[in-house]
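For our numbering, count along the sequence shown from 1 and bump the result up by 26.
No residue lacks a Cβ here, since even glycine has one placed at the ideal position from N, Cα and C.
What follows is a short report on a single structure.
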Amino acid sequence: MRKIIDRILTVSFENPDRQARIVNADQYHGDFAAGRSKPSRTTEDIVVRIKRLCRGGVMPVLVLALLAIFSAAPALGPGQAQGGTSPRYDEVCWLAGHNAYANSEPDYALLTANQGISVDRQLDKGARCLLEDIYLMRQKRNLLLFDFPEHKTYTSLTQANNESDYWKQAPLQVVVAHEPDAFQGGYKLLKNPFNFFREFRVDVELIHSWLDHHPTEIVTIVLESNFAEPCFLKQQALQDVYDAGLVFLADGPNDLPAPDGLPWEVKRHGWPKIDYMVSHNKRLVILSNQRNDGNGYQWNYMTENQYGLDSMTAATRAQARSESMNLDDPSRSLFFMNYFPDASISGPNCSGLNIPADYTTNFCEANSTPAINTLLLRNLAVSQRLPNYLAVDFLNFGDTDPNATPDSSPPSGPVQMTELINRGWQAQPHVQSAITLIPEPNADGFIRFLSLRP
27 MRKIIDRILT VSFENPDRQA RIVNADQYHG DFAAGRSKPS RTTEDIVVRI
77 KRLCRGGVMP VLVLALLAIF SAAPALGPGQ AQGGTSPRYD EVCWLAGHNA
127 YANSEPDYAL LTANQGISVD RQLDKGARCL LEDIYLMRQK RNLLLFDFPE
177 HKTYTSLTQA NNESDYWKQA PLQVVVAHEP DAFQGGYKLL KNPFNFFREF
227 RVDVELIHSW LDHHPTEIVT IVLESNFAEP CFLKQQALQD VYDAGLVFLA
277 DGPNDLPAPD GLPWEVKRHG WPKIDYMVSH NKRLVILSNQ RNDGNGYQWN
327 YMTENQYGLD SMTAATRAQA RSESMNLDDP SRSLFFMNYF PDASISGPNC
377 SGLNIPADYT TNFCEANSTP AINTLLLRNL AVSQRLPNYL AVDFLNFGDT
427 DPNATPDSSP PSGPVQMTEL INRGWQAQPH VQSAITLIPE PNADGFIRFL
477 SLRP
């Protein structure tokens with residue numbers, strides 16, 4: 027079994043973008059303010075953990091093999107990797123909160139939320155990537171329907187400016203919302219259906235404040251944007267983080283010097299090292315599905331598996347979603363791994379709600395480490411690389427103990443799995459690369475070529 031897992035975890039060196047990755051798991055889930063790192067686990071610790079994860083006989087052999095390999099790597103201090111060097115941004119697995127905005131603390135109903143805690147608390151629990159759906163929208167109250175809110179969405183400022191006087195009375199906003207124009211979405215998902223959708227700037231302010239209080243951390247926002255107005259988006263929601271110099275631009279030159287003396291560009295220089303980004307305060311990465319909204323176009327940099335129920339179904343979970351290149355495409359240095367259902371309704375064992383199990387997803391079980399491990403093994407076999415992001419619903423849920431609460435110790439299944447993935451990277455042999463520039467971009471726009479050196 028060890029040989030089988032070793033083979034699965036071996037990352038191909040035939041292409042530089044498949045090279046093995048070194049990473050420090052504790053860097054992303056430790057107490058950085060105090061400068062503490064976790065001690066290496068003893069054999070007894072590992073055995074206890076395995077027994078807890080495998081209770082009930084769920085994939086015990088595979089979990090045992092993975093834990094034995096991953097836990098063997100020593101825990102390192104913040105900002106370190108094997109050899110004392112810092113990993114690059116694309117040599118890290120970041121825990122991602124799917125639909126981070128749709129959480130039950132501020133305004134979403136628990137049964138329709140994707141997360142159970144607020145954006146800043148998701149970061150406190152270990153998330154370092156937040157998925158946000160944003161819309162260009164006007165909202166107002168309908169006096170004929172007892173002040174019930176109504177809205178209208180737009181795909182451009184031109185469309186919004188050509189609106190009727192009735193709608194122009196309402197301010198134009200960038201809001202976070204879940205399918206506001208669909209039958210299954212909209213205001214009905216909120217705790218109070220008389221509330222308006224929250225502005226995106228509110229979440230950005232929470233993220234900005236959290237980064238100010240955690241000066242060694244990096245956060246990524248991945249936008250599902252339904253409009254392409256970069257100036258308006260920046261003005262309405264992102265101006266403060268840009269003014270603070272926090273944003274690292276994936277698609278453009280940064281005021282960050284590269285080794286060749288030029289401004290850092292991902293297409294020319296690859297992703298920077300974590301400690302270099304932190305030392306220059308470039309600690310907020312913004313990626314977007316929109317090619318022209320002023321942020322990094324995500325499909326230039328990442329592959330991604332199916333989302334929703336397809337990400338949890340054996341036949342489809344290791345397939346690329348329609349917008350993505352194949353999962354093993356070497357021209358994309360990031361791999362985004364989804365693991366969440368279509369209908370995000372918390373299960374009775376986690377929430378205490380008296381709801382028939384047939385209509386719920388029990389995230390205590392779905393987010394357990396053995397369950398996520400099943401997805402990981404399948405994706406490793408197809409992608410030939412470890413994921414850079416693990417996106418889940420209810421990221422603070424997941425334990426094999428049915429009586430556990432979402433905030434109980436040990437950490438949730440997604441947090442544990444992210445740590446184990448990072449330990450797997452840490453255990454891989456380190457591969458150094460030299461950058462050789464070529465004069466013209468290739469078909470994917472990249473103007474760099476990596477030659478491997480042992």
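Shown here, Glu117 sits in a helix according to DSSP, grouped into three states.
Using a 10 angstroms sphere on the CB of Asn352, the tally of other CB atoms stays under 16, which defines it as exposed. Asp281 carries a strand assignment under DSSP once its states are collapsed to helix, strand and coil.
Taking a 10 Å sphere around the C-beta of Lys151, we find 16 or more other C-beta atoms and assign the residue as buried. Where Ala417 is concerned, the enclosing beta strand (DSSP E) starts and stops at Tyr415 to Val418.
In the three-state scheme derived from DSSP, where H, G and I count as helix and E and B as strand, Asp207 is classed as coil.
Rounded to whole angstroms, the Cβ separation of Tyr415 and Cys257 is 28 Å, and the two are not in contact under 8 Å. In this structure, Val273 is the residue among Val273, Asn252, Lys293 and Leu170 with its C-alpha nearest to the C-alpha of Val311. The alpha helix (DSSP H) runs lying completely inside the stretch 251-335 and spanning 4 residues or more are 256-259, 265-269, 292-295 and 300-305, given in chain order.
In this structure, Asp133 and Asn221 form a Cβ contact; the two beta carbons are roughly 6 Å apart against a cut-off of 8 Å. In this chain, the beta strand (DSSP E) harbouring Lys178 covers Phe174 to Tyr180.
Leaving aside the five residues that flank Met163 on each side, the residues in its chain whose CB is nearer than 8 Å to its CB run, in chain order, His177, Lys178, Thr179, Tyr180, Leu198, Gln199, Val200, Val201, Ala203, Pro206 and Phe223. The beta-carbon distance between Leu421 and Leu121, rounded to whole angstroms, is 6 Å. This is short enough to meet the 8 Å contact definition. Nearest in C-alpha terms to Ala254, of all of Ser235, Glu243, Ile160 and Ile233, is Ile160. As the crow flies, the alpha-carbon of Asp269 is around 17 Å from that of Pro241.
Distance from the CA of Asn326 to the CA of Asp173, rounded to the nearest whole angstrom, comes to 44 Å.
Ala346 is bridged by DSSP to Asn331. Straight across, the Cα-Cα distance linking Gln262 with Glu231 is about 12 Å.
As computed with DSSP, Val201 is found in a beta bridge with Tyr161 and Glu225. Gly142 counts as buried, since no fewer than 16 other beta carbons sit within 10 angstroms of its beta carbon. Excluding sequence positions up to five before and after Gln332, its CB lies within less than 7 Å of the CB of Thr342, Arg343, Gln345, Arg347 and Asn364, all in the same chain and listed in chain order. Ile233 is bridged by DSSP to nothing; it lacks a bridge partner. Within the DSSP bridge table, the entry for Cys155 names Ala122 and Thr246 as partners.
If you draw a straight line from the Cα of Pro298 to the Cα of Leu249, it is about 21 Å long.
In the three-state scheme derived from DSSP, where H, G and I count as helix and E and B as strand, Arg167 is classed as strand. A direct Cα-to-Cα measurement between Gln452 and Gln442 gives close to 15 Å.
Per DSSP, reduced to three states, the secondary structure at Tyr365 is strand. In this structure, Val418 sits near Phe366, with a CB-CB distance shorter than 9 Å.
Across the set Asp336, Thr246, Ala128 and Thr184, the C-alpha of Ala128 shows the shortest separation from the C-alpha of Leu216. The secondary-structure analysis by DSSP pairs Tyr134 across a beta bridge with Leu216. Note on geometry: alpha-carbon atoms of Asp286 and Ser112 lie some 19 Å from one another.
Judged by their CB atoms, Pro283 and Glu291 are not nearer to each other than the 9 Å cut-off.
Its chain contains Pro175 and Pro219 as the residues whose beta carbon lies nearer than 7 Å to that of Tyr213, once the 5 sequence neighbours on both sides are disregarded; these appear in chain order.
The three-state reading of DSSP puts Asn129 in strand, counting E and B together. Ranked by Cα distance from Asn315, the first of Asn168, Ala276 and Asn188 is Ala276.
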